[in-house]
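According to this note's numbering, the sequence shown is numbered sequentially starting from 43. Beta carbons: idealized from backbone N, C-alpha and C, even for Gly. To start, the structure under review is shown below, and the notes come after it.
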Amino acid sequence: MEDLSEFAESHPDFCDPKAVRVPGHDRAPAIDGGRPFELSAESLSTYRVEAAKDPSTLPNM
Numbered sequence: 043m044e045d046l047s048e049f050a051e052s053h054p055d056f057c058d059p060k061a062v063r064v065p066g067h068d069r070a071p072a073i074d075g076g077r078p079f080e081l082s083a084e085s086l087s088t089y090r091v092e093a094a095k096d097p098s099t100l101p102n103m
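In C-alpha cells, the structure reads:
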C-alpha cells in the first residue's frame, strides 16, 4: 500500500479545502418523499425487484 502521509505537504494545491468541493458534504441529503426501511426478515421479503434472476451470478463472482 502506498504511503500517503506526505501527500498534503507535497501537493498543497490538491488539498486546499476552499478549492476542493464535494457536493453534499456539508449537508444531509433531502428525504422528502422518503419512507422508512426496516431491515428485518419479515419486511425485507416485501421488497421485490422485477428483474431476471441469473442463478450463476454468485457462483461466478
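Flag Arg90 as yes if its beta-carbon sits less than 7 Å from any beta-carbon of chain D, otherwise no.
-> Although the question refers to chain D, the structure presented lacks it and comprises just one protein chain.
DSSP state of Thr99 mapped onto helix, strand, coil = Residue state for Thr99 is assigned as helix, using DSSP reduced to three classes.
On the three-state DSSP scale, how would you describe Glu48?
-> Coil, per DSSP.
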